[in-house]
């Protein structure tokens, strides 16, 4: 029964929407919000170091917006992956916490964007409250990423089964080895 449940979590609910077997879209899409939000935090910190920080505060605000849009796209694919995980399993519970944290982080960034909107026009550095909210959001994103890694690397959610993985390690006898014996 366990093999059957595990096999279910490896197959997409909809290959065209969530990605084909062994190559899900969710991990590809999460790079957009992670990159945008981490860079936004770097710009927030840098806005307290440079002489004229207006360009950094403006860029940070728009990186937050790009991250929110990317997070919504990643969430759609991730939600489809959640449907493939059998309920009542440790993998499903982990996925629910992962999803809840991601939704919380995305909501925090929506609030952060609205709180900042238009403030860069004065050319000042990012306010401490906004910077703290960004830092806390990135920290929560890190915890969620750890859980996402657990889903993929420990539980094998949407990862090809071991027989499929073994194809990548089979010796190719049609080509001559270029390695010399030791």
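Numbering (the working numbering), first residue to last: 340 to 521.
Backbone N, C-alpha and C define an ideal beta-carbon position, used for all residues, glycine too.
Rounded C-alpha distance that separates residue i from residue j
i: residue 400; j: residue 508; result: 46 Å
i: residue 368; j: residue 412; result: 7 Å
i: residue 446; j: residue 389; result: 29 Å
i: residue 503; j: residue 417; result: 23 Å
i: residue 455; j: residue 479; result: 20 Å
i: residue 384; j: residue 462; result: 15 Å
i: residue 501; j: residue 468; result: 48 Å
i: residue 482; j: residue 377; result: 14 Å
First through last residue of the alpha helix (DSSP H) which encompasses residue i
i: residue 381; result: 370-385
i: residue 505; result: 501-505
Residues of its chain near residue i, where Cβ-Cβ distance is below 6 Å and the 5 sequence neighbours each way are ignored
i: residue 371; result: 409
i: residue 405; result: 375
i: residue 505; result: none
7 Å CB neighbourhood of residue i in its chain, flanking five on each side removed
i: residue 489; result: 433
i: residue 398; result: 382
9 Å Cβ cutoff, residue i in contact with chain B
i: residue 484; result: Looking at the structure shown, chain B is missing, and only one protein chain is on hand.
Beta-carbon separation (whole angstroms), residue i vs residue j, contact threshold 8 Å
i: residue 436; j: residue 476; result: About 16 Å; that fails the 8 Å criterion.
i: residue 494; j: residue 430; result: 4 Å
i: residue 449; j: residue 407; result: 6 Å
i: residue 386; j: residue 395; result: 4 Å
Close beta carbons around residue i, own chain, < 8 Å, minus the five adjacent residues each side
i: residue 491; result: 366, 497 and 498
Mind pulling the alpha helix (DSSP H) runs of 4 or more residues that sit fully within the region 402-473? With a minimum length of 4 residues, the continuous alpha helix (DSSP H) runs that stay inside the region 402-473 are 429-455.
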